[in-house]
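Working notes, beginning with the structure itself.
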Amino acid sequence: MIRRTLLIAWQEFVKYVTRRGFLISLLMVPAILALSIGMSSFTANHARTNVMTVVDLEGGYAGAIEQAVVRENARRELSALATYAHANVDRMVLRRKAPDLDRLFEAPDRIAAIKAFAAGGGWQPVFARLSPLLRAGAPVFTPPRPDLVLVPPPEDLVRDFAQDRGDAAYAYLSGGAAVTALGRPNRLNTIVVIPKGFAPGAGVEAKYWSIDSDQSVDLVRWALTDAFRLKLNQALVPPEVRSKVTLDVDAGVKMIDPTAGRETSWKDRVAQLVPMGLAFLLFMVAFSDAALLLQGVVEEKSTRMIEVLLSCASPSEIMTGKLIGVVGLALVTILGWGVIGLAMAAGFSSEALAVIGVGLKSILPMLPLILVYFLCGLMIYAAIFLGIGATTTSLPDAQALIGPASMIIFLPNMLIGALVQDPNGTLAQVLSWIPIYTPFFMLVRLPFHPAPIELWATAGLTLLTTVLLVRQMGRVFARHVLTTERPPSFVGLIRQVFGRAKV
Amino acid sequence: MPEWAVELRGVTKRFGDFTAVDRLDLNLPKGGILGFLGPNGAGKTTTLRMLLGLYAPDEGAVRVLGGPVGKMRPRIGFLPEERGLYRRARADEAIAYIATLKGLHRREALRRARALLDRFGLGDFARVRIEGLSKGMAQKVQLLAAVAHDPDVVILDEPFAGLDPVNQTDLQAFLISLAAEGKTILFSTHTMEHAERLCDRLVILAKGKKRFEGTLAEAQRLLPRRARIGAADDLTFLAAVEGVAGVLAPAPGQPHWIVELKEGADGRLLLQACFERGVVPDFFDLNPPGLTEVFVAVVEKANAEGAA
Chain A
669 MIRRTLLIAW QEFVKYVTRR GFLISLLMVP AILALSIGMS SFTANHARTN VMTVVDLEGG
729 YAGAIEQAVV RENARRELSA LATYAHANVD RMVLRRKAPD LDRLFEAPDR IAAIKAFAAG
789 GGWQPVFARL SPLLRAGAPV FTPPRPDLVL VPPPEDLVRD FAQDRGDAAY AYLSGGAAVT
849 ALGRPNRLNT IVVIPKGFAP GAGVEAKYWS IDSDQSVDLV RWALTDAFRL KLNQALVPPE
909 VRSKVTLDVD AGVKMIDPTA GRETSWKDRV AQLVPMGLAF LLFMVAFSDA ALLLQGVVEE
969 KSTRMIEVLL SCASPSEIMT GKLIGVVGLA LVTILGWGVI GLAMAAGFSS EALAVIGVGL
1029 KSILPMLPLI LVYFLCGLMI YAAIFLGIGA TTTSLPDAQA LIGPASMIIF LPNMLIGALV
1089 QDPNGTLAQV LSWIPIYTPF FMLVRLPFHP APIELWATAG LTLLTTVLLV RQMGRVFARH
1149 VLTTERPPSF VGLIRQVFGR AKV
Chain B
6 MPEWAVELRG VTKRFGDFTA VDRLDLNLPK GGILGFLGPN GAGKTTTLRM LLGLYAPDEG
66 AVRVLGGPVG KMRPRIGFLP EERGLYRRAR ADEAIAYIAT LKGLHRREAL RRARALLDRF
126 GLGDFARVRI EGLSKGMAQK VQLLAAVAHD PDVVILDEPF AGLDPVNQTD LQAFLISLAA
186 EGKTILFSTH TMEHAERLCD RLVILAKGKK RFEGTLAEAQ RLLPRRARIG AADDLTFLAA
246 VEGVAGVLAP APGQPHWIVE LKEGADGRLL LQACFERGVV PDFFDLNPPG LTEVFVAVVE
306 KANAEGAA
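Heads up: the protein sequence lines correspond to chains A and B, in order. Residues 669 to 1171 (the numbering used here) make up the first sequence, in order. Residues 6 to 313 (the numbering used here) make up the second sequence, in order.
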């Protein structure tokens, strides 16, 4: 009995392990991980520089933020230089010939080290001392691009804020007007406004205006807190406020949404999360419901039900019907999950329903685009699964094609971190134009106000991709659905979809 | 000019270098039953698929009920060779689903489905899932799905495969009743007995080409008339009898002498010659050749032509 069991086990093992799909899946996971790490590294090294200005209507705070920015950039430079020194200088040599540098590189995150580094003129003087100690063949040190660049506030901006208006702010933040940063015209990413009578704790808080970046809000908050404490210590706060504030108060910074001209609230946060949630749901239903579709087609082929269907309707009717069916199934699935989620949330907290209600209400203006991206995305993934099902006569055969296809479809999930960090950056914009990824990336980016032209153009691209892919997959479906011949390879299938092989 | 139920004009279908159907001409008049015979790989299923619009011919034209196949789909019923039903569907819904695809309203389709199930003794199984039915029952349900929308042309691919003798008899009766209602039935089969019993006309395909089309009697005339005689004595003397074309001794394992007769020969002269010689046959058969013999002969001839 054990022998027979082992024989069957071996047969099953060999059957699956010798499939090309298994090999591809085996190699693709590390390949995708490597790509993901590479992309993350690329993103880190090529992160967008946040161009910020400070409109200090109160006076005395812009310098504090500037100092914080200088220190932050110095911290990054010192950290990169320390990593470089560890890799390219013999530790013993460094310790003997430049003990102060050795101590500097040992703990580059210490505030004292950063201050000393910045005060000493940054990376260039340190690198000049380090150069004679470098190992032979060491590469040249390239300092990291600054995360944050401060530019002087344009006059019209200052004028506007002094009159309590935000028109100019929106123009600068949306790219309608530019400032000079890093030697060229640039869109302003962030405007920090210190209002007249700035007094944290007394309700007069700084404002952080940005369309798509909150990456510097903590830096601003800490800088203002330090500066305010300093002022307080120096008894510079107005006498009427002094009694209301304490030494341990944190400087408040309000996030401002320039598109609405008001403070960003938790409702906006929820509004950002809903499309992102839908993007993930897109994958989940694609992989659950579209997989059922594939299974169904394989079964119809094996039972010859497909012949009966084809004697009643054309292949395109059948395929379109199936796609619509799976879209309906997906919507019901989401509805079901939604109802269950609501019930569970309501059980946890009485406020949860209100939060969810706000989230749903807040996405209403985006609903047409959400529907286009979501439904088209679903159709695209379902069409791929359906085409695969039509080319195969058994689920193991289908698996050989599903493996690589799933890996490719799943790739955007690996990049979600980089995307959320900079939703309107170059990487996000480039990825959003890869047709099969457009629905996912645009759903994630939707709340971060991409340019209107980008929204409508990618929506058009998504619709076009859906129509073309469904048409091409329809040809593959019609070509293969009645055959019992060996399914095409993954590359062969792609060629058929793109019309480079005879369908 | 008569309007044909099925009309094929010079139809050719190729799959790569392989020609599955080669310049096939076929006219099937309305009403009646046509048997579509041929060995495996003869092109039967491919032809049926072209008649259903599942394949487009590479050359030639296919018309059903005087029109293109695509437009005539609602007037065609189809039974595939295997159980083409959703296993999880209930019997009445499975039938109604196909009927609705063919154009019936859901309510009417369900009504007809249940009526047909009742008529075929499956009324109690109307709400049973297909996976819970026996193979014979499922085959019946499949057949009912093919005809529930009241088609004018019914195409059946190996309808008797897998049925027990009782169900085969039921199915034969059903096909005859459909033909009596004026429907045109075209079915493929490997079983010659069914073709002999049911078909008004026969078509034999081999290697993608039509090798015969006509009635059963015309098919039987393809082979010379033969008498089979059982006797312990040597019957070569029968070669001298008037109208005899040849006398073959029993082949190994075969008990009978075969006497081939010329067209119009009187077989009774063979018996007379035997008795005059004092030979008393223990077996004598003058029936025309069976369809199986005709089929084998036609296919062997086609194979020989192909080999040549």
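C-beta atoms are modelled at their ideal positions from N, C-alpha and C, and glycine is treated no differently.
- The beta-carbon distance between residue 150/B and residue 100/B, rounded to whole angstroms, is 4 angstroms. This is short enough to meet the 8 angstroms contact definition.
- In the structure shown, residue 35/B falls within a coil segment according to DSSP collapsed to helix, strand and coil.
- Listed along chain A, the residues sitting closer than 8 angstroms to residue 87/B by beta-carbon distance are 971 and 972.
- Around the CB of residue 741/A, 16 or more other CB atoms lie within 10 Å, so the residue is classed as buried.
- Within the region 224-284 of chain B, the complete beta strand (DSSP E) segments of 3 residues or longer fall at 230-235, 249-253 and 262-266, listed in chain order.
- Across the set 71/B, 47/B, 45/B and 192/B, the C-alpha of 192/B shows the shortest separation from the C-alpha of residue 82/B.
- For residue 81/B, the residues of chain A that pass the 7 angstroms Cβ criterion are 979, in the order they occur in the chain.
- Residue 18/B sits in a strand when the DSSP states are folded into three classes.
- Annotated three-state conformation of residue 211/B is strand, per DSSP.
- Residues of chain A whose Cβ lies closer than 8 angstroms to the Cβ of residue 78/B are, in chain order, 979, 980 and 981.
- One thing to note: residue 48/B has its Cβ within 8 angstroms of the Cβ of residue 213/B.
- According to the DSSP secondary-structure assignment, residue 922/A is paired through a beta bridge with 875/A.
- Here the region 1034-1042 of chain A lies against the region 936-949 of chain A, with 3 or more beta-carbon pairs under 8 angstroms apart.
- Judged by beta-carbon spacing, residue 861/A lies within the 8 angstroms limit of residue 723/A, meaning their Cβ atoms are closer than that value.
- Counting along the chain, the unbroken alpha helix (DSSP H) around residue 773/A starts and ends at 767-774.
- Around the Cβ of residue 259/B, a 10 Å sphere holds fewer than 16 other Cβ atoms; the residue is exposed.
- For residue 1141/A, same chain residues with a beta-carbon under 6 angstroms away, outside a window of 5 residues either side, are 1051 and 1055 in chain order.
- Our two residues, residue 1165/A and residue 1106/A, have alpha carbons roughly 19 angstroms apart in a direct line.
- Within the model, the alpha-carbon separation for residue 963/A versus residue 1063/A is close to 7 angstroms.
- Listed along chain A are 975, 978 and 979, each with a C-beta nearer than 8 angstroms to that of residue 57/B.
- Chain-order list of chain A residues neighbouring residue 106/B: 977, 980 and 981, by C-beta distance under 8 angstroms.
- Residue 1114/A and residue 1008/A have their C-alpha atoms roughly 26 angstroms apart.
- In the three-state reduction of the DSSP assignment, residue 25/B falls in the strand class, which pools E and B.
- Secondary structure note for residue 165/B: it is in no alpha helix (DSSP H), with a DSSP letter that is neither H nor E.
- One alpha carbon belongs to residue 85/B, the other to residue 973/A, and they sit about 8 angstroms apart.
- Residues are counted here when their Cβ sits less than 8 angstroms from a Cβ of chain A; for the region 93-105 of chain B these are 103, given in chain order.
- Taking every protein chain shown into account, the CB of residue 829/A has 16 or more other CB atoms within 10 angstroms, so this residue is buried.
- Identification of chain A residues near residue 90/B by a Cβ-Cβ cut-off of 9 angstroms yields 971, 973 and 976, ordered along the chain.
- Across the structure, residue 717/A and residue 859/A are spaced so that their CA atoms are roughly 14 angstroms apart.
- Taking C-beta separations shorter than 7 angstroms and ignoring five residues to either side along the sequence, the partners of residue 958/A in its chain run 994, 1049, 1050 and 1053, following chain order.
- For the region 1140-1158 of chain A, the set of positions with a beta-carbon nearer than 8 angstroms to some beta-carbon of chain B reads 1150 in chain order.
- The DSSP-derived three-state label of residue 816/A is strand.
- Residue pairing of residue 748/A in beta bridges, as defined by DSSP: absent, with no partner found.
- Looking only at 1099/A, 1010/A, 1090/A and 870/A, the smallest Cα-Cα distance to residue 880/A is reached by 1090/A.
- Boundaries of the beta strand (DSSP E) around residue 65/B: 64-69.
- The beta carbon of residue 988/A sits closer than 8 angstroms to those of 1138 and 1142, all from its chain and outside the five residues before and after it, given in chain order.
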